[in-house]
Each structure stands twice: as C-alpha cells, then as structure tokens.
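K.L.:
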Amino acid sequence: MRAVVQRVTDADVTVEGNITGKINKGFVVLIGVEDGDTEKDIDYIAKKVANLRVFEDEAGLMNVSLKDINGEILAISQFTLLGDGRKGNRPSFFTAAQPDIANDFYQKVIAKWREEFDLHVEEGVFQAEMLVRINNDGPVTILLDSRKLF
Numbered sequence: 079m080r081a082v083v084q085r086v087t088d089a090d091v092t093v094e095g096n097i098t099g100k101i102n103k104g105f106v107v108l109i110g111v112e113d114g115d116t117e118k119d120i121d122y123i124a125k126k127v128a129n130l131r132v133f134e135d136e137a138g139l140m141n142v143s144l145k146d147i148n149g150e151i152l153a154i155s156q157f158t159l160l161g162d163g164r165k166g167n168r169p170s171f172f173t174a175a176q177p178d179i180a181n182d183f184y185q186k187v188i189a190k191w192r193e194e195f196d197l198h199v200e201e202g203v204f205q206a207e208m209l210v211r212i213n214n215d216g217p218v219t220i221l222l223d224s225r226k227l228f
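According to this note's numbering, the stretch in the sequence shown is residues 79 to 228, in order.
1) With the cut-off set at 8 Å, would you say residue 83 and residue 111 are in Cβ contact?
2) State the beta-bridge partners of residue 100 as determined by DSSP.
3) Look at the alpha carbon of residue 163 and the alpha carbon of residue 227, and state the distance between them as a whole number of angstroms.
4) Per the DSSP calculation, residue 83 is bridged to which residue(s)?
5) Please classify residue 178 as buried or exposed, where buried requires at least 16 other C-beta atoms within 10 Å of its C-beta.
6) Tell me whether the stretch 196-211 and the stretch 80-95 touch, counting them as touching only if at least three CB pairs, one residue from each stretch, are closer than 8 Å.
7) Checking 8 Å against the spacing of the C-beta atoms, do residue 129 and residue 135 come in under that value?
8) Secondary structure at residue 225, three-state DSSP: helix, strand or coil?
9) For residue 120, count neighbouring C-beta atoms within 10 Å of its own C-beta (all shown protein chains included) and say buried if the count is 16 or more, exposed if not.
10) For residue 155, which residues in the same chain have their Cβ closer than 6 Å to its Cβ, ignoring the five residues on either side in sequence?
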C-alpha cells in the first residue's frame with residue numbers, strides 16, 4: 079500500500095460539481111492499494127499517518143503529529159500511485175489491486191483512522207473523476223510505502 083501525505087492548511091475534493099469532502103489544517107492522503115496487500119499494510123499506513131510528526135512545535139521544529147494538533151484527513155483513493163513508468167512512456171498499473179479489493183482496503187484505512195485514532199476523516203469518491211484542491215503547507219509531502227520500497 080502506498081500513500082502520499084501532504085500537510086495542508088485546507089483542502090477539498092469535488093465530484094460532479096459537488097464538494098464531497100473538505101478539511102482545515104491536516105493531511106491530504108492519497109492512497110493506492112497494491113495487489114497482495116494485507117491487514118498488516120492497512121495497519122502500517124494508518125498508524126504511520128496518524129503519528130507522523132511533521133507539524134511545528136513551539137521551537138519551529140517538525141515534531142508534532144496530526145493527533146497532537148487535532149488535525150483532519152482528506153482521504154483520496156488513487157490507483158495511479160502504483161504506476162510503474164520505468165519502461166516506455168505509458169505507466170503500467172498491473173500491480174494495482176482490483177477495484178473491489180482496493181475499495182475495501184481504502185475503507186478499512188479510513189475506519190482505523192476514525193475508530194483507533196479518533197481522527198476526523200473526509201473522503202473523495204472511489205473511482206470517480208475528482209478535482210482535489212490542496213493548499214500544501216510548507217510544502218511538506220511525505221511518501222509512504224508499507225512494503226518499504228522507497
């Protein structure tokens with residue numbers, strides 16, 4: 079499972095002209111589910127995002143987590159995170175999980191954030207064309223891979 083975590087001042091996602099999710103300070107998390115992912119991958123991404131210390135403390139150091147600032151998450155499913163562009167000019171997405179499995183895992187990550195970490199989570203719409211507005215703060219962008227490929 080892969081995630082791109084962007085620290086934001088605010089963000090929203092629009093589907094067919096309607097805002098389906100909107101947050102203030104927190105993270106936009108783009109989530110890609112890979113074929114072969116397990117509950118262990120869900121646990122890794124959920125815990126890592128909830129505890130990622132990239133917000134400034136009183137000294138201006140990135141030492142504070144999303145939980146500590148009562149931040150919010152805007153979760154967006156994005157299978158293109160599994161794109162492999164090493165050969166040719168058209169990425170291959172053969173390692174991305176099938177949609178039914180991907181949606182199940184995406185929903186399980188969101189449920190963990192809500193239930194285990196008591197975080198406020200807004201969402202995009204799975205498999206929809208989305209317009210995501212992100213005001214990246216810093217900018218701070220962190221790449222996570224539950225299989226630690228990078």
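Heads up, the beta-carbon is just placed ideally off N, CA and C, and yes, glycines get one too.
These numbers come from a predicted model, not from an experiment.
P.N.:
Working from what's here:
1) Taking the sequence shown and counting its residues from 1, one reaches residue 83 at position 5. Taking the sequence shown and counting its residues from 1, one reaches residue 111 at position 33. Not a contact, by the Cβ cut-off of 8 Å.
2) Residue numbering aside, residue 100 sits at position 22 when the sequence shown is read from its first letter. The partner list for residue 100 (beta bridge, DSSP) reads 90.
3) As a working note, residue 163 is residue 85 in the sequence shown. As a working note, residue 227 is residue 149 in the sequence shown. Going from the Cα of residue 163 to the Cα of residue 227 covers about 15 Å.
4) Counting from one through the sequence shown, the residue named residue 83 turns up at place 5. In the DSSP output, where bridge partners are listed per residue, residue 83 has 107 and 220.
5) Numbered from 1 along the sequence shown, position 100 holds the residue referred to as residue 178. It counts as exposed.
6) yes
7) Taking the sequence shown and counting its residues from 1, one reaches residue 129 at position 51. Taking the sequence shown and counting its residues from 1, one reaches residue 135 at position 57. No, the Cβ-Cβ distance between residue 129 and residue 135 is not below 8 Å.
8) Residue 225 sits at position 147 when you count from the first residue of the sequence shown. If DSSP states are grouped into helix, strand and coil, residue 225 belongs with coil.
9) Locating residue 120 in the sequence shown gives position 42, counting from the first residue. So residue 120 ends up on the buried side.
10) As a first step, residue 155 must be located in the sequence shown, where it is residue number 77. Around residue 155: 109, 184 and 204.
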